[in-house]
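Protein chains in written order, with full-length UniProt numbering: chain P, 1 to 209; chain S, 1 to 209; chain R, 1 to 209; chain V, 1 to 209.
This is the structure:
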């Protein structure tokens, strides 16, 4: 039976909840055929997350990993295409650490491309009526770090065999007091649609391989 | 028993569906205590909509009217505060008529303020976790015309006693091929949340009077 | 000889400079044919500005008034079309007064339309390569109040005979530390282009009458 | 004497002018101390630009290269941090070629980081009052290709020793008929300020090495 790891993050910055943590909890209710699913919430910590992830991978040896993170301010699902070997934090992480222009892995490759079926997932989600784009930057915060590390371990250790990162928008209830410079609420996406998106991404990932 | 009229619009411009038409259909399944509810879909026609609305009002003599329209590109519910006595259309209406700088009512007042409990509705929706703002312009298209006419007839005829206009965002499935200038999908709001918003607006309107 | 009053505002909120104050200073160097030009910087005070404006009008009895204000976050020149009889302040004014849903003039008309040649100015500015839109809301802060009062006194006293309001964007140097929710700088317009815009607006206003 | 190559692009897509071509022309009037400056306008052609660039580099053997491109819709100067080894074009290039998910260099590294003094340039421009951000994606069009190729040749051939890419916004006159989804003009930056920015970038690059 194939093993799939799906991760979210704990809240960070000024936000009290992180939609990806809520999604991970919701996925505990789900069953996926012929697949053993592992669900984890990662710390928003540049330093801790590497060890955390490495131990998870060594324990589980997942065939697939799908990492979820929050990208507040975006309107739809963002399928990340590439992770780069740099950390440059706009705000401190949850351990109050704020790396500036540091590599994630000394002498690691400059970047890794997602090994998820990025375009197939894009078309699938759009066909299902879910606003989605491919993003060419996962930022330089812990999200990009996790994506980079997951692809790095995939490259070096062989597991997870396929991996990638998905950014999700705020939930509607998170933006009632968040406004754009033109006085509009920041964009959001409902829990139901986010969950549906993640389910389709999992399904498409399992199907393709 | 109090009489409440809720209206939406048919699709217009390049959009094949109008969320407000879908909402009006969904409201047919709803019951509101001690209230007779009337549901109508208005033509997106500067010329026809006046007669259409006037006949509705004369027939129903509603106590309240809540008019719904689509404001594509906005992220949340917009409670309109004011309607102005001018039509200035960026695109032709569904009868291919495009008025430029014409009054809605010759010698009518320059503007009317919504007589719905605008601020109470704002707080209610935000408390319920629904992204909402008060908007100070309903545009100069058929939406603003309907809001103006409804307040004009309220002023002149006494019915609807209380009336106002609510703009809603696109549904998610409408924006999968609509992008901002920075390559993001346009913002959207789910059908479920839009319906919930309209139900709260109706409830709050009935409560306040 | 025709008399033209042009006003700007002092800084407010968190901004240390107000582009319109800088523009008013720059206009002191300018000459306009056959026109006596009066230049004033208004207080950002809901209460003081009425008396200030009334005394100016009584003293000067201007034929035209063009009022300038800052609309941070907008990308181009906004020619305001309409002022509404309400004050509803998102932040306190410079006297720490924050009116909520109060009329500007008790029993005044609900709104006034600009009596500047709005569309002609729009086309002129666009032809000159200056990003410009017509705006249907001047907000509900001191800007809208000044526009309303100017049109109100025009209506009641006959002077200024023609008047209206223009919103301008931030200067570039003001947005180096102001960012949109997607991490872009807020939009801005250079002093040179703003000054050129104001000169064209003055010229077109004088020409049309 | 140090040799510096600065490149722009010809217009592409629906735009009749490309600000970077105009900037390259303007730089012909400039002198920079102790530096031989070479100015070139590149074809917007995925296929031609590689040969074009390689021949330029072989002929000039530049110490520094600064490549300029248009990023319509952005508000300020974008200093690109990273180029990735992929072409994925949203619109065809000027030779009507539209690569989808193809590598720029078969077996090339996944990405290269700019070797310009990215952060120093950022602080310099902001200190000078010029809206600027560091961008983590140069897109996947010919701009990213040129940045990648320039860093690739730098890596393989040793020239240009230092290189990077700068995206500039539209000029104001380009956006008079371009509007955001909320009806605002797209953001822009004046020619004067763009030229000033490029001059500072050149100066800082020369200073740092």
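Where a beta carbon is used, it is the ideal one built from N, C-alpha and C, also for glycine. Note that the structure is a prediction, hence the values are computed from the model and not measured.
May I ask you to report which of helix, strand or coil DSSP gives residue 185 of chain V? Correct three-state label for residue 185 of chain V: strand.
On the three-state DSSP scale, how would you describe residue 134 of chain R? It is a strand residue.
To the nearest angstrom, how far is it from the Cα of residue 91 of chain V to the Cα of residue 148 of chain P? Annotation: residue 91 of chain V to residue 148 of chain P spans about 29 Å, alpha carbon to alpha carbon.
Given a cut-off of 7 Å on the beta-carbon distance, is the pair residue 129 of chain V and residue 173 of chain R in contact? Using a Cβ distance threshold of 7 Å, residue 129 of chain V and residue 173 of chain R count as a contacting pair.
Residue 201 of chain P to residue 187 of chain P span [Cα, whole Å]: In a straight line, the C-alpha of residue 201 of chain P is about 22 Å away from that of residue 187 of chain P.
For residue 130 of chain R, which residues in chain V fall below 9 Å Cβ to Cβ? Those within 9 Å of residue 130 of chain R in chain V are 172, 173 and 176.
Output needed in chain order: residues of the stretch 115 to 145 of chain P with a Cβ under 9 Å from some Cβ in chain V. Taken in chain order, the members of the stretch 115 to 145 of chain P whose beta-carbon sits within less than 9 Å of a beta-carbon on chain V are 118, 119, 134, 135, 136, 137, 138, 139, 140 and 144.
Using 8 Å as the threshold, is the stretch 132 to 145 of chain R in touch with the stretch 39 to 46 of chain V, meaning 3 or more CB pairs across them? The answer is no - the stretch 39 to 46 of chain V does not touch the stretch 132 to 145 of chain R, with fewer than three Cβ pairs under 8 Å.
For residue 34 of chain R, collect the residues of the same chain with a Cβ closer than 7 Å to its Cβ; drop the 5 residues on either side in sequence, then sort them by chain order. 1 and 2.
Do residue 163 of chain V and residue 83 of chain V come within 7 Å of each other at the CB atom, strictly closer than that value? Cβ atoms of residue 83 of chain V and residue 163 of chain V: not closer than 7 Å.
How many angstroms separate the CA atom of residue 107 of chain S from the CA atom of residue 175 of chain R? Across the structure, residue 107 of chain S and residue 175 of chain R are spaced so that their CA atoms are roughly 44 Å apart.
Can you list the residues of chain S that residue 68 of chain P reaches, using a CB-CB cut of under 8 Å? Correct list: empty, because the minimum Cβ distance to chain S is about 18 Å.
What does the alpha-carbon distance come out to for the pair residue 150 of chain R and residue 59 of chain R? Spanning the two alpha carbons is a distance of roughly 14 Å.
Please name the residue in R/4, R/134, R/61 and R/52 whose C-alpha comes closest to that of residue 156 of chain R. Considering only alpha carbons, the answer is R/61.
Can you say whether residue 88 of chain S is buried or exposed, counting buried as having 16 or more other CB atoms within 10 angstroms of its CB? Around the beta-carbon of residue 88 of chain S, 16 or more other beta-carbon atoms lie within 10 Å, marking it buried.
The alpha helix (DSSP H) with residue 113 of chain P in it runs from where to where? Segment 111 to 113 is the beta strand (DSSP E) holding residue 113 of chain P; no alpha helix (DSSP H) there.
So residue 141 of chain V is in the beta strand (DSSP E); what residue range does that whole segment cover? Counting along the chain, residue 141 of chain V falls outside any beta strand (DSSP E), and DSSP gives it neither H nor E.
Name the chain V residues whose beta carbon is nearer than 7 Å to that of residue 73 of chain S? Neighbours of residue 73 of chain S on chain V, chain order: 181 and 182.
Whole-number beta carbon distance between residue 76 of chain P and residue 19 of chain P, since they are thought to touch under 8 Å: That belief does not hold up - the Cβ atoms of residue 19 of chain P and residue 76 of chain P are roughly 13 Å apart, past 8 Å.
Which listed residue (V/133, V/171, V/50 and V/116) has its alpha carbon closest to that of residue 207 of chain V: Answer by Cα proximity: V/116.
Can you find a CB in chain B that lies within less than 7 Å of the CB of residue 187 of chain V? The structure shown contains no chain B; its protein chains are P, S, R and V.
Thinking C-beta only, is residue 185 of chain P closer than 7 Å to residue 11 of chain S? Residue 11 of chain S is not a Cβ neighbour of residue 185 of chain P, given a cutoff of 7 Å.
Contact with chain V by residue 111 of chain P, beta-carbon distance below 7 Å: Yes, contact with chain V.
Comparing alpha-carbon positions, which option in R/180, R/152 and R/74 lies nearest residue 114 of chain R? Closest by alpha carbon: R/152.
What residue range is occupied by the uninterrupted beta strand (DSSP E) comprising residue 40 of chain S? It spans 35 to 42 - the beta strand (DSSP E) in which residue 40 of chain S sits, taken as one unbroken run.
Residue 200 of chain P - DSSP class collapsed to helix/strand/coil: Annotated three-state conformation of residue 200 of chain P is helix, per DSSP.
Same chain, Cβ closer than 6 Å to residue 94 of chain V, neighbours up to 5 away in sequence not counted: Closer than 6 Å at the Cβ level, and outside the excluded window around residue 94 of chain V, lie 12, 44 and 45.
Go ahead and pull the three-state DSSP assignment for residue 102 of chain S. In the structure shown, residue 102 of chain S sits in a strand (DSSP, three-state: E or B).
Sorry if obvious, but does the Cβ on residue 50 of chain S come closer than 6 Å to a heavy atom of the ligand SAM? No copy of the ligand SAM occurs in the structure displayed, which carries no ligand at all.
Would DSSP call residue 12 of chain V helix, strand or coil? Here residue 12 of chain V carries a coil assignment [DSSP, helix/strand/coil].
Spell out whether any CB of chain S is found under 7 Å from the CB atom of residue 108 of chain P. Chain S contact via Cβ: absent.
Using a Cβ cut-off of 7 Å, pull out every chain V residue sitting near residue 190 of chain R, in sequence order please. Listed along chain V, the residues sitting closer than 7 Å to residue 190 of chain R by beta-carbon distance are 190, 192 and 193.
Can you have a look at residue 101 of chain R and say buried or exposed, based on whether 16 or more other CB atoms are within 10 angstroms of its CB? A residue is called buried when at least 16 other Cβ atoms come within 10 angstroms of its Cβ; residue 101 of chain R does not meet this threshold and is exposed.
Would you mind stating whether residue 124 of chain P and residue 204 of chain P have Cβ atoms separated by less than 7 Å? At a Cβ-Cβ threshold of 7 Å, residue 124 of chain P and residue 204 of chain P count as neighbours.
From the DSSP output, in three-state form, read off residue 77 of chain P for me. Here residue 77 of chain P sits in strand by DSSP.
Residue 110 of chain S beta carbon less than 7 Å from that of residue 109 of chain R: In terms of Cβ geometry, residue 109 of chain R and residue 110 of chain S form a close pair [threshold 7 Å].
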